[in-house]
Amino acid sequence: MRRRPDERRQRSSRLRPFSPERDARGGSAGRPSFRRASCPWGEKDRPGHATFRMLLGGLLLLLGFGSLACRKPPEASRAEASAAPAGAHSIPAGVPYEIAVVQKNRFPVWVSTTGVTALDPARQVVLTAPQRSLLQSIATLGERVSKDAVVAVLEPLASPGLRVEVRSPIAGLVLRPSARVGEIVEEGGRLLEVADDSVMWVWVRIYPVDLDRVRPGTPAVISVPGTSQTLSGVLDLILPEVGPDRVVQGRVVLQDRPGVPAGLVVDVRLTVGHREGWAVPKEAVVFDGTRALVARVHLGSDGSVEGVEAVEVSLGFETDRLWEVTGDLQAGDRVISKNAFLVLKARHEAVEAADE
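Here the sequence shown stands for residues 127 to 482, where the numbers follow this note's numbering.
Here it is, written out as structure tokens:
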């Protein structure tokens, strides 16, 4: 279609340089200038603008929906991170780890209380002076003596220069010396006490609410506060009276040579039964603030670790090696039992990276 002459004239005169003749009539002399020709229609009413805006808006909407569809939700990212091979992000390279199987174990049911260690009075002897004498030597407090050992030497005042030896009838520890070297001891006067500490008791406090579960023959575990030392014993006597503090005294006889002093306050656990529960090694439990976590692993068909997930558990009874756990665990589940903290830390960082 051929344009009309007036239309060609309007399009060619929109922006055009002015000649000197035009400058002389109305422009600046010696400087070329440009003048925009007037548009026969307004900018808003220019043909094709509305269509162009509609096409541009539709394109932007398509791009926006496309980016949302391509972005993975956090749950999918976490699931992929958990299911990813362990070598990728679950277990740091160079960190040794071990895997343990969750299985049932019999845990003791305890009555917890406190007690005080004591010596058997029947295994203590008090040694006295046979006559009025001058004390020349005496065993020291806490000294361990054997049977028939000399524990004191006396010089009778009635027989100057005579040496009288006092021997211990039992083996044990010297307790409470009552005389000093150089003193005059009267006949029958107390010299010292020797106690056989091979047998020791623990007087425990039994509350009335626990009397129906505790009886003679109940095993006991004694813990020394501030140390890792534990002792075993058996409750052999419950006194038939309530003390002024409204508790009943029970006597535990320690089975092993304790090596602890008398009069020591200890923690006592009386085993009154057993129950079954899920057990994991102590090293498998990781504490995150107030939460307890274990790292459950997923194995592939070839036995390799394909993924690790953090499982929150509740802790029950504790033994020397095991924790009783309750939560989302089943028999046969496998957990990391060595360097579980490092494994869970690596997994957490991998999940955060997948969310970004």
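Even for Gly, the Cβ is constructed at its ideal location relative to N, Cα and C.
Note that the structure is predicted; figures quoted are calculated from it, not measured.
In this structure, the alpha-carbon of S324 lies about 30 Å from that of Q262. Per DSSP, the unbroken beta strand (DSSP E) holding E319 starts and ends at 316 to 321.
For P282, the uninterrupted beta strand (DSSP E) run begins and ends at 276 to 282, by DSSP. Membership of Q250 in the beta strand (DSSP E) is indicated by the continuous run 250 to 254. Look at A226 here: in three-state DSSP terms it is strand. Minimum Cα-Cα distance from G343 among the listed residues E319, G352, L380 corresponds to L380. Comparing C-alpha distances from L283 to each of V350, T416, I310 shows the shortest one belongs to I310. C-alpha of D393 to C-alpha of T240: approximately 5 Å in a straight line. Rounded to the nearest whole angstrom, the CA to CA distance from R395 to H424 is 38 Å.
The criterion of a C-beta distance shorter than 8 Å is not satisfied by E319 and V242.
Secondary structure of V325 (DSSP, three-state): coil. Here L468 carries a helix assignment [DSSP, helix/strand/coil]. Scanning E367, G298, I264, P286 for the CA closest to the CA of V307 turns up I264. For P234, the secondary structure class from DSSP, reduced to helix, strand or coil, is strand. Beta-bridge annotation (DSSP): V221 is not paired with any residue. Closest option to E444, judged by alpha-carbon separation, among R401, V221, A275, S427: R401.
Of the other Cβ atoms in all chains shown, 16 or more fall within 10 Å of the Cβ of P303; this residue is therefore buried. For E478, the secondary structure class from DSSP, reduced to helix, strand or coil, is helix.
Inter-segment contact for the region 347 to 356 and the region 403 to 410 is absent: fewer than three beta-carbon pairs are separated by less than 8 Å. DSSP places D393 in the uninterrupted beta strand (DSSP E) bounded by 391 to 407. In this structure A410 is in contact with A466, their Cβ atoms being roughly 5 Å apart against a cut-off of 8 Å.
Here the alpha carbons of L357 and V386 stand approximately 10 Å from one another.
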